[in-house]
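The numbering used here applies: residue 241 is where the sequence shown begins, and numbers increase by one.
Yeah, the Cβ is synthetic: ideal placement off N, Cα and C, and Gly gets one too.
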Amino acid sequence: MASGCAINSACSASRKGITLLDGLFALMIREKSDYTLTFRLLSHSEQLSAASPLRDEFIDRAAFDSWFAGYRARLRDEQVDDAQRQQRMQGVNPALVLRNWLAQRAIEQAEAGDMGELERLHAALADPFTDREDDYVRRPPDWGKRLEVSCSS
């Protein structure tokens, strides 16, 4: 049976992790952050860096810096190997998810007789954890931000 001290230590670490995530989620909600992009960028951040690409996603940089300092401290306290953490995070945080605007663009082109975009999108979605440099992983264009879909058809 595990000692009370070991259990309390694990519980305390778990609570700290939840508090840390709560802080990130609150910041993301306030900033209307893209969850997929945020967690993918976090998976690439280095423990000792200022997390520039991720930091650039936030308007309130001071709030992000405060959160990230806590995140780095947690990683240091737990002696988490950066390469292993990045590999684990990149294995569960996809670089690409199907977004309404991507689907709409592929549908419109397919309806016009061009299946190329649909085929490219299908191939990309078959490998969602591979980092990409194309526009599939960027923020939506203005027209895509207002796109609404329905499952009623």
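- Note on geometry: alpha-carbon atoms of VAL389 and ASN333 lie some 24 Å from one another.
- Not a single unbroken stretch of the beta strand (DSSP E) spanning 3 or more residues falls wholly within the segment 254–320.
- For GLU359, the enclosing alpha helix (DSSP H) begins and ends at 356–365.
- Your pair GLU297 and LEU267 does not check out as a contact, with CB atoms roughly 10 Å apart and the cut at 8 Å.
- Put simply, the backbone Cα of GLY356 is about 30 Å away from that of PHE279.
- With a beta-carbon spacing of about 6 Å, TRP307 and LEU264 fall inside the 8 Å limit used to define contacts.
- Under the three-state reduction of DSSP, VAL377 is assigned to helix.
- Counting C-beta pairs with one atom in each stretch, the segment 319–338 and the segment 367–382 have three or more that are closer than 8 Å, which means they touch.
- Contact annotation: GLU286 and ASP322 have beta-carbon atoms nearer than 8 Å.
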